[in-house]
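Student:
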Amino acid sequence: QVQLVESGGGLVQPGGSLRLSCAASGVIFSHTSMGWYRQAPGKERELVAAITGGGSADYADSVKGRFTISRDNAKNTVYLEMNSLKPEDTAVYYCKAAQYGIGYWGNGTLITVSL
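Each position in the sequence shown, counted from 1, maps to that position plus 66 in the working numbering.
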């Protein structure tokens, strides 16, 4: 079965950096589009960044220039490098895999940006 395991969340001060990782299994990773989503308290889940199997990336306007999504197909892993973090980036971050029209979600990892 498909399994997505996120790691790398935690507490960071404003202006700081974090890198999230999502290890995937049960998918043909190089053929699978991957994405990072986030859900802040009281808000809907939103797309942060996505990357196709071929490496084309797209970003939410709110994170452009600060976040970078990448993937290592040899390791079945997608990353989200987050710089210049702001308090409004505080949320649970979820990894999503999309294969053959079916979406699969990880359990999420909490990022808190605060002094």
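Virtual Cβ for every residue (Gly too), placed ideally from N, Cα, C.
Going along the chain, which unbroken runs of the beta strand (DSSP E) with 3 or more residues stay wholly within the stretch 103-169?
Tutor: The qualifying runs are 112-117, 123-125, 133-138, 143-148, 157-165.
Student: What is the rounded straight-line gap between the Cα of Tyr170 and the Cα of Asn139?
Tutor: Here residue 170 refers to the residue found at position 104 of the sequence shown. Here residue 139 refers to the residue found at position 73 of the sequence shown. If you take the alpha carbons of Tyr170 and Asn139, they lie about 17 Å apart.
Student: Assuming Ala116 and Ile135 are in contact, meaning their beta carbons sit under 8 Å apart, how far apart are those beta carbons, in whole angstroms?
Tutor: For the purposes of this step, residue 116 is taken as the residue at position 50 of the sequence shown. For the purposes of this step, residue 135 is taken as the residue at position 69 of the sequence shown. Rounded, the Cβ-Cβ distance is 7 Å, consistent with contact.
Student: Secondary structure at Ser96, three-state DSSP: helix, strand or coil?
Tutor: In the sequence shown, the residue the question calls residue 96 occupies position 30. Three-state DSSP puts Ser96 in a helix.
Student: Can you tell me which of the three DSSP states Gly81 falls into?
Tutor: Locating residue 81 in the sequence shown gives position 15, where the first residue counts as 1. In this structure, Gly81 counts as coil in the three-state DSSP scheme.
Student: Looking only at its chain, what residues have a beta carbon closer than 6 Å to the beta carbon of Asp155, apart from the 5 residues adjacent to it on each side?
Tutor: Numbered from its first residue, the sequence shown carries residue 155 at position 89. The answer, listed in chain order, is Val179.
Student: Buried or exposed: where does Asn142 fall if 16 or more other Cβ atoms within 10 Å of its Cβ makes it buried?
Tutor: As a first step, residue 142 must be located in the sequence shown, where it is residue number 76. It is buried - the Cβ of Asn142 has at least 16 other Cβ atoms within 10 Å.
Student: Does Leu181 come out as helix, strand or coil in the three-state DSSP assignment?
Tutor: Position 115 of the sequence shown, counted from the start, is the residue given in the question as residue 181. Residue state, collapsed to three classes: coil.
Student: Which class does Val68 belong to by DSSP, given the choice of helix, strand or coil?
Tutor: Within the sequence shown, numbered from 1, the residue matching residue 68 stands at position 2. Correct three-state label for Val68: coil.
Student: Does DSSP classify Gly101 as helix, strand or coil?
Tutor: Translated into the one-based positions of the sequence shown, residue 101 becomes position 35. Strand, per DSSP.
Student: Can you tell which of Trp102, Gly108, Gly119 has the C-alpha that lies nearest to the C-alpha of Tyr125?
Tutor: Residue mapping note: residue 125 aligns to position 59 of the sequence shown, counting from 1. Measuring from the Cα of Tyr125, the nearest candidate turns out to be Trp102.
Student: Beta-carbon separation of Ser202 and Gln165 under 9 Å?
Tutor: No information on residue 202 is available, as it lies outside the stretch 67 to 181 that the chain covers here.
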